[in-house]
Amino acid sequence: KRVSFISPGEVKQPQRWGNLLREQCICAKVVLVAGGSRAFMVMCNLPAPRTLVVTRATRRSGNGRCSTHATLKNGLIHRSKELIKEAILDNDFMKNLEMSQIQEIVDCMYPVEYGQESCIIKEGDVGSLVYVMEEGKVEVTKEGVKLCTMGPGKVFGELAILYNCTRTATVKTLTNVKLWAIDRQCFQTIMMRTGLIKHAEYMEFLKRLVALLCFLGLPEEILSKLADVLEETHYGEGEYIIRQGARGDTFFIISKGKVKRTPVDALPNVLLNPATGRWVFRTLIHCDVLIAVFEKSDQSDCTMRDLLPVPVRERKPRERVNSLPSPLTPLFFHITYSVHTSKKFPFFHVKKCRYEAENAFFSNLKLVDFNIIDTLGVGGFGRVELLKSDETKTFAMKILKKRHIVDTRQQEHIRSEKQIMQEAHSDFIVRLYRTFKDSKYLYMLMEACLGGELWTILRDRGSFEDATTRFYTACVVEAFAYLHSKGIIYRDLKPENLILDHRGYAKLVDFGFAKKIGFGKKTWTFCGTPEYVAPEIILNKGHDISADYWSLGILMYELLTGSPPFSGPDPMKTYNIILRGIDMIEFPKKITKNAANLIKKLCRDNPSERLGNLKNGVKDIQKHKWFEGFNWEGLRKGTLTPPIIPDVSSPTDTSNFDSFPEDNDDPPPDDNSGWDTDF
């Protein structure tokens, strides 16, 4: 099975450079330099392109204060900067970064030197640095087999700046070499900071235009979506931005510089700048064909975007609310609401009573009330066991090693998993009833789904037919609709994380990467399974619920063919294939035209263009031609017959799961740090 990964928060360690220790930390504006047993803190401007070298230090007797004579030396000469930039632009992964990000990376790289026959990277070791070669020659080997040699102008080790992982190859020097390096924390800080700054600038820009009718009354999350889809375009002096008679499917907002509108008929000759930019916009939203021509009076920047995905609803607040994306509209139920129905009691209140009764039942259970029947699964953190409390009731118990969670710094993700699963009341999500703990383990008591993993069924069958894939995809769509309506992203969709209940309905399980981010917000944690990771996660641009819809398209492709569309011999090659885009993938003939169309619309490189993340939200997926005639209501009610009905003879039947050996490992050490007080 494929392994999911995550880059946990790390305690940054200074990198050794000669006899100095130096730490660059962009957000803290600190350079740490230590010589011998003394350390000095120096505040510097950002980014820090210089290296502080301690040339002499003295210590005053009595008061313990130090005086330091230091020299600032330029750490990156122009030639080295250009070489690094060219190397980055020649790298399959890093060339996808924006120029502003590349420039900051260049400014923050520092020099490292190795002698001949030195080992720079060792296969299997955990690494956090990416290198650019300036001088010398190195050899790359994997499992003792020579892969290649590299010289100046090459980048290597780039996987380490994406997430915490082991090195996939060994790199040894053939000569004396000079390298430039940057570590993961610095790289990810640059990526996050540049993304946040740009988004904040666009948000502020849009808020200054609230006088424009189309922006009036729009909530923060919609303005945030608009900011995400703005594209900067630069025009030189004398260039035409718009020509008379051209179709008005794009609007421009002047952010810098001035433009001149050529007089046409009754329209006056108006000089426009950022303060009067509304004239450009009004021309476009009231006319299908442009009636004005603009000539730049000096060099300027404009921000432009296709109008089609952002319809204007003038002075129609009810329609505007109803047209907001689905995360802002309840798609299932909120137990604090009441609705008008033909039944004696509102449906939501019936649901509320049901869950309150469940909570009362499980709150009285203890660990000693259960007996282990069999093992359902084994993972890095522990095991999943099938338990029974009596002859008719069985449950799945996820048992996690507390010390392993602490060692891998996954406490926050485990806490998030517990909170999200306990609050998730959807028929397409595995229920978490309650949790237990002791000094060694955490225990998560969950719903037992004995139909087996979808991954196992796919492995045995090779691939699924169109109708079978449609049913399981619809189950995921319903699960996503529920989660996204709560502001939750899932981030780890794959067949391994879909399990069938006794009826044959698929449910999401394993919420270790799920996170509640709210609406109109993003997160920057690099996590997921390589074949399913969206481009914006790879490029560290920040991601939201749209990343889930990307993975939905990948799931469809894998269910229909037996393998995902993006796959390489190692994670880095897989990411590079992903960044080339879905249009570079040749679809097999067995994928129907409508299925291929939906997959491509879900896997758009631009998150704002993905189906499911547009104005109508998840309804755009449900109404797609591939789902034409599908009984969504029957799926929600559980009356739709599944394509595969598992053979489950009793509540203790584990025949649909692989066999696992008994756990003969020694018990883990105790952990009493107290991070798990909520369990």
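Residue 324 in the UniProt record's numbering sits at position 324 of the sequence shown, with consecutive numbering throughout.
For each residue, glycine too, the CB sits at the ideal point set by N, CA and C.
With distances taken from CA atoms, which of the options is nearest residue i?
i: F660; options: K625, K637, D374 and T561; result: D374
i: D92; options: S608, L539, F464 and Y505; result: L539
i: T592; options: L560, T652 and K146; result: L560
i: I254; options: V229, E220, V406 and L206; result: L206
i: K418; options: A506, D369, F252 and G512; result: G512
i: F461; options: E558, Y482, D620 and K366; result: In the sequence as displayed, the identity of residue 461 is Arg instead of Phe. Answer by Cα proximity: E558.
i: G617; options: T677, D653, Y482 and D658; result: Y482
i: residue 705; options: V229, Q411, I84 and V126; result: The structure shown does not extend to residue 705, since the chain is modelled only from 1 to 679, so the question has no answer here.
i: I517; options: A547, P530, P535 and H502; result: A547
i: E231; options: F252, E239, S80 and G217; result: F252
In this structure, does DSSP put residue i in helix, strand or coil?
i: residue 682; result: No answer is possible for residue 682: the residues shown for the chain start at 1 and end at 679.
i: E204; result: helix
i: Y575; result: helix
i: K507; result: strand
i: W524; result: coil
i: I545; result: coil
i: N597; result: helix
i: C475; result: helix
i: V618; result: coil
i: S463; result: coil
i: A57; result: Here A57 scores only 37 on pLDDT, less than 50, and its place in the model is too uncertain to base an answer on.
i: I373; result: strand
i: R409; result: coil
i: F156; result: strand
i: D670; result: coil
i: F428; result: coil
i: S416; result: helix
i: M43; result: Note that M43 has pLDDT 33, beneath the 50 cutoff, so the model's placement of it is unreliable and no number is given.
i: M109; result: coil
i: L602; result: helix
i: Y240; result: strand
i: A181; result: strand
i: T435; result: strand
i: G553; result: helix
i: R580; result: helix
i: R610; result: coil
i: T194; result: helix
i: F332; result: Because the pLDDT of F332 is 30, which lies under 50, any placement of that residue in the model is unreliable, and the question is left without a value.
Taking the alpha-carbon positions, what's the residue i to residue j distance?
i: H425; j: A479; result: 10 angstroms
i: N497; j: T525; result: 20 angstroms
i: K225; j: Y532; result: 23 angstroms
i: K137; j: I161; result: 22 angstroms
i: L179; j: E135; result: 7 angstroms
i: A87; j: M446; result: 50 angstroms
i: P495; j: S608; result: 25 angstroms
i: E662; j: C119; result: 40 angstroms
i: E220; j: V476; result: 28 angstroms
i: E453; j: I499; result: 4 angstroms
i: Y114; j: E104; result: 25 angstroms
i: F281; j: G629; result: Residue placement at F281 is flagged as unreliable, the pLDDT there being 41, under the threshold of 50; the coordinate-derived value follows with that caveat. Taking the straight line from one Cα to the other gives about 41 angstroms.
i: L223; j: G195; result: 16 angstroms
i: I578; j: G562; result: 18 angstroms
i: N364; j: Y433; result: 12 angstroms
i: G674; j: I489; result: 27 angstroms
i: K601; j: Q188; result: 29 angstroms
i: I585; j: N631; result: 31 angstroms
i: V509; j: E123; result: 33 angstroms
i: T392; j: S650; result: 9 angstroms
i: S551; j: H78; result: 42 angstroms
i: L83; j: A596; result: 42 angstroms
i: G151; j: G379; result: 41 angstroms
i: I242; j: R636; result: 49 angstroms
i: Y240; j: D249; result: 16 angstroms
Please look up how many angstroms separate the CB atoms of residue i and residue j, rounded, as I've assumed it's under 8 angstroms.
i: R383; j: I399; result: 5 angstroms
i: V171; j: V155; result: In fact, because the Cβ distance is near 12 angstroms, the residues do not count as touching under 8 angstroms.
i: M109; j: V177; result: Incorrect: roughly 15 angstroms between the Cβ atoms, too far for contact.
i: E679; j: T435; result: Checking the sequence shown, residue 679 turns out to be Phe, not Glu. The Cβ separation is near 5 angstroms, so the contact holds.
i: G638; j: D466; result: With 8 angstroms as the limit, G638 and D466 do not qualify as a contact, their Cβ atoms being about 22 angstroms apart.
i: D671; j: K507; result: With 8 angstroms as the limit, D671 and K507 do not qualify as a contact, their Cβ atoms being about 30 angstroms apart.
i: G542; j: K522; result: 4 angstroms
i: L376; j: T175; result: In fact, because the Cβ distance is near 54 angstroms, the residues do not count as touching under 8 angstroms.
i: D107; j: G153; result: Between G153 and D107 the Cβ distance is about 19 angstroms, and since that is not below 8 angstroms, they are no contact.
Confirm the yes/no value for this check: CB of residue i, any heavy atom of the ligand FMN, distance under 7 angstroms.
i: T473; result: By its list of ligands, the structure shown contains no ligand whatsoever, and the ligand FMN lies outside what it can speak to.
Counting beta carbon pairs with one atom in the stretch 95-103 and one in the stretch 146-153, are three or more of them shorter than 8 angstroms? no
Evaluate contact between the stretch 566-574 and the stretch 617-629, counting only Cβ atoms and requiring at least three cross-stretch pairs below 8 angstroms. no
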